[in-house]
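Q: 332 is the number that the working numbering gives the last residue of the sequence shown; the numbers go up by one with no jumps.
Built from N, CA and C at the ideal position, the CB exists for glycine as well.
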Amino acid sequence: MQLEDRNSFGVVTACHAGDYHFVKATCASVRHFSPNVPLCVIVDGDFNVDELIETDNPYIIRTSEIEDYEIRTYCSGSPRSKHLAMWLGPFDRYVYLDSDAIFWGDVIASLKWEDDEDFIVFWNKPTEPAHNSWLSHFYFDIDILKLYDPEFEWKWNPYFSAGSFASRRGAISFEDFKRCESWRSEYPNLFSWTTDQGILNYLVFSLSQRGKLKLGRQDLQWIPAHRGIQETIKKLNIRGWSLPEKVQEPYILHFCGNKPYIYDPKSYALPLTLSRFKHHKNVGKNLFNALYLVTKEELLSINKKAVSKMRRWLTDKTMEQHTDTSVF
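#1: Roughly how many angstroms lie between the CA atoms of Ile46 and Leu149, to the nearest whole one?
#2: How about Ala294 and Lys300: are their beta carbons less than 7 angstroms apart?
#3: Could you tell me if Gln201 is buried or exposed, where buried requires 16 or more neighbouring beta carbons within 10 angstroms of its beta carbon?
#4: Only counting the same chain, and skipping five residues up and downstream in sequence, which positions put a Cβ closer than 6 angstroms to that of Phe37?
#5: Cutting at 6 angstroms between CB atoms, please list the residues of its own chain near Ile65, excluding the five before and the five after it.
#6: If you follow the alpha helix (DSSP H) that Thr17 is part of, which residue opens it and which one closes it?
#7: Can you tell me the Cα-Cα spacing of Ala105 and Lys263, whole angstroms?
#8: In whole angstroms, what separates the C-alpha of Val99 from that of Phe123?
#9: Please name the residue in Gln213, Gly261, Val208 and Gly174 whose C-alpha comes closest to that of Arg97.
#10: Would Phe120 be called buried (16 or more neighbouring beta carbons within 10 Å of its own) or exposed?
#11: Going by C-alpha to C-alpha distance, which of Arg84, Ile112 and Ile75 sits closest to Phe13?
#12: If Thr198 and Asp102 are in contact, beta carbons under 8 angstroms, what's the gap, nearest whole angstrom?
#13: Taking the alpha carbon of Tyr63 as the point to measure from, which residue in Gly81, Cys79, Cys44 and Glu71 has its own alpha carbon closest?
#14: Below 7 angstroms between beta carbons: does that hold for Leu224 and Phe164?
#15: Pick out the complete beta strand (DSSP E) segments inside the region 206-242, 3 residues or longer, and give them in chain order.
#16: For Asp153, which residues of its own chain have a beta-carbon under 7 angstroms away from its beta-carbon, when the five flanking residues on both sides are left out?
#17: May I ask whether a heavy atom of the ligand NAD can be found less than 6 angstroms away from the beta carbon of Val251?
#18: Give the DSSP-derived three-state secondary structure of Ser374 in the structure shown.
#19: Residues in the same chain with beta-carbon distance under 6 angstroms from Ser82, minus the five sequence neighbours each way, listed in chain order, please.
#20: On the criterion of 16 or more Cβ atoms from any shown chain inside 10 Å, does Lys250 qualify as buried, or is it exposed?
#21: Among Lys289, His283, Glu302 and Arg172, which residue has its Cα nearest to the Cα of Ala32?
#22: Since I believe Ser140 is in contact with Ser186 (beta carbons under 8 angstroms), could you give me their beta-carbon distance rounded to a whole number of angstroms?
#23: Alpha carbon to alpha carbon, how far is Pro192 from Glu155?
#24: Going by DSSP, what residues sit across from Ser168 in a beta bridge?
#25: Going by DSSP in three states, Ile148 sits in which element: helix, strand or coil?
#26: Excluding sequence positions up to five away, which residues of its chain have a Cβ less than 8 angstroms from the Cβ of Ile75?
#27: Under 8 angstroms by Cβ, that's how I've got Tyr143 and Asn205 pegged, so tell me the actual separation to the nearest angstrom.
#28: Out of curiosity, what's the CA-to-CA distance linking Ser68 and Ser85?
#29: Which class does Ile112 belong to by DSSP, given the choice of helix, strand or coil?
#30: Look at the Cβ atom of Arg280, then the Cβ atom of Ala21, and state whether they are nearer than 7 angstroms.
#31: Quick check: the Cα distance between Tyr73 and Asn40, rounded to an integer number of angstroms?
#32: Go through its chain and collect everything with a Cβ distance to Leu219's Cβ below 6 angstroms, but skip five positions before and after it.
#33: Measure the alpha-carbon distance for Asp23 versus Asp48 and round it to whole angstroms.
#34: Can you list, in chain order, the residues of its chain with a C-beta nearer than 6 angstroms to that of Arg172? Leave out the 5 residues immediately preceding and following it.
#35: Taking just the CA atoms, how far does Asp180 sit from Trp160?
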């Protein structure tokens, strides 16, 4: 895909304070493989991002600074913050990726975006009707959804992870999301346990079926948890402790599921870890210092999780004691 002026196309990611260390890797990977593409980071919270601005020079959108009260409330404190790019973002067209995703190769050069396409799904395999239980787990309960949209054809759509996609600004309106949220208020389990993935998939395919959205699809997202860690290791064939200069078959690597921490033996963290190293090298650190800083970030993450679990345990115990001592 050819880049035009700075506001016509860019890459968007989003983060909160807890995954800021990951989003630095996301931006570093984009800068490494697609150095000329503009970046935008949606920041959910009031934490300091000066280091990211210094190394990657992205547009910064803070949820707390959004003037529209409804949109600010809807997007703050949740994965829905990503959709600010669709309503208030700086780019006419953009590629979005979560903070636990990175470029592996020049994804922009591989992106095929037709002029009339509004949204591109980074997955091209339709879901078989026999897999409707999987559909209800990750996306929506089709029986409930039919109460609101009986004409929706749910079979054989290429349902996708909301951690990466491409969209035109304004492709899906805020009003469309609000309508779906009103349905969920009546049936809390309608759109599965995911915050926005079920709604986004429903809207993309329902609007496409109604002729209100031109949909494209391209196999550009690789999820190790889905495709298999051993297959991923074989596919990437990583050598050394730096990001490769060139990748023959670019993908967006999305590490959903177990987060890609070095300390977690159930995750495959190496590609994203190399991107974390890349960020720290861009700041001026050598490999040894980069490893130290990544390890420090992970120890802080472990500590925060431990404190959070302890607080929940103490809260539960306090409630139990209150119940035991209550007089009925």
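A: Looking at the atomic coordinates:
#1: Taking C-alpha positions only, Ile46 is separated from Leu149 by approximately 31 angstroms.
#2: Judged by their CB atoms, Ala294 and Lys300 are not nearer to each other than the 7 angstroms cut-off.
#3: Around the Cβ of Gln201, a 10 Å sphere holds 16 or more other Cβ atoms; the residue is buried.
#4: So the qualifying residues of the chain are Phe107, Gly109 and Asp110.
#5: Close CB contacts of Ile65 within its chain, under the 6 angstroms cut and outside five residues either way in sequence, are with Ile46 and Leu88 (chain order).
#6: Run containing Thr17: none in the alpha helix (DSSP H); it sits in the beta strand (DSSP E), Phe13 to His20.
#7: Straight-line Cα distance between these residues: approximately 10 angstroms.
#8: Each residue's alpha carbon lies about 10 angstroms from the other.
#9: Checked all of Gln213, Gly261, Val208 and Gly174; the closest Cα to Arg97 is Gly174.
#10: The identity of residue 120 in the sequence shown is Asp, whereas the question assumes Phe. When all chains shown are included, Asp120 counts as exposed.
#11: Per the Cα distances, Ile112.
#12: Actually they are not in contact, since the Cβ atoms of Thr198 and Asp102 sit about 12 angstroms apart, beyond 8 angstroms.
#13: Closest by alpha carbon: Cys44.
#14: No, the pair does not count as a contact, with Cβ atoms beyond the cut-off.
#15: For the region 206-242, whole beta strand (DSSP E) runs of length 3 or above, ordered along the chain, are 219-221.
#16: Cβ neighbours of Asp153 beyond the five flanking positions: Ser210.
#17: Among the components of this structure there are no ligands whatsoever, and the ligand NAD is therefore not found.
#18: Here the chain has residues from 5 to 332 only, and residue 374 is not among them.
#19: Cβ within range, chain order: Thr199.
#20: Counting Cβ neighbours within 10 Å, Lys250 comes out exposed, since fewer than 16 surround it.
#21: Of all alpha-carbon atoms in Lys289, His283, Glu302 and Arg172, the one lying nearest the alpha-carbon of Ala32 is that of His283.
#22: Going by Cβ atoms, the distance from Ser186 to Ser140 rounds to 20 angstroms, so no, they are not a contact pair.
#23: Distance between the alpha carbons of Pro192 and Glu155 is about 21 angstroms.
#24: Ser168 is bridged by DSSP to Leu101.
#25: The three-state reading of DSSP puts Ile148 in helix, counting H, G and I together.
#26: Here the set comprises Leu88, Trp91, Leu92 and Phe178.
#27: About 5 angstroms; that satisfies the 8 angstroms criterion.
#28: Approximately 11 angstroms, taken between the alpha carbons.
#29: In the structure shown, Ile112 sits in a helix (DSSP, three-state: H, G or I).
#30: No.
#31: Taking the straight line joining both Cα atoms gives about 34 angstroms.
#32: Excluding its 5 nearest sequence neighbours in each direction, Leu219 has C-beta neighbours in its own chain below 6 angstroms: Phe123 and Ser212, listed in chain order.
#33: If I take the Cα positions, the gap works out to 10 angstroms.
#34: Arg97 and Asp122.
#35: Between Trp160 and Asp180, the C-alpha separation is close to 23 angstroms.
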